[in-house]
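In UniProt numbering, the protein residues as written are 1 to 136.
In C-alpha cells, the structure reads:
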C-alpha cells in the first residue's frame, strides 16, 4: 500500500497497533497510559427455589421440604435487596435441607422395597384376604 494506509479484507483482524501519522514523533505523545480494569461483578448466589419446591411437593419428610422452601424464599428476598452474604447464607441452608430431605426419601424408599421384598410387609395377601371375606 502507498503511504501509511492499510487495506484489509472484510473479516480480517486488525493489527494490534496503529501507525503514527507522518510528521508526528513520539515527543508529542503521552509517556504512559493507565487502563483501569474493574473486576467483573460476582454472580448472585443461588437460592435453590425450584429444587425446594419439588422437595416440598414430592418428598416433604418431617417438613424439611417446606423449611427448604422458606429458606429459598428468604434467599431470593435477600438477593433482590442485594444483600448477597445473607442470600448466600439462606441459600446454603436451603441446599442442605434439600439434600437431607432427598437422602431421607431415598433411604425410606429403599427400606420399603427391602421390607416388601423380604416378606416383612405382606401387602398382596392382606388385600386379597379382605376382598373375598367381605365386611364383617
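C-beta: ideal position from N, C-alpha, C; glycine also. Note that the coordinates shown come from a computational prediction; the quantities given were computed from them, not determined experimentally.
- The alpha-carbon of residue 115 is positioned some 49 Å away from that of residue 82.
- The DSSP assignment places complete alpha helix (DSSP H) segments of no fewer than 4 residues inside the region 48-131 at 49-58, 64-80 and 84-118, in order along the chain.
- Residue 53 and residue 69 do touch by the CB rule: their CB atoms are close to 6 Å apart, below 8 Å.
- Nearest Cα to residue 41 within the set 84, 32, 129 and 51: 84.
- Considering only 109, 110, 100 and 111, the residue with the shortest C-alpha distance to residue 66 is 100.
- Rounded to whole angstroms, the separation of the alpha carbons of residue 119 and residue 63 is 30 Å.
- By the neighbour-count definition (other C-beta atoms within 10 Å, threshold 16), residue 33 is an exposed residue.
- Taking a C-beta distance under 7 Å as the contact criterion, residue 96 and residue 75 do not qualify as a contact pair.
- Note that the C-beta distance between residue 98 and residue 59 is not below 7 Å.
- Judged by their CB atoms, residue 71 and residue 55 are not nearer to each other than the 7 Å cut-off.
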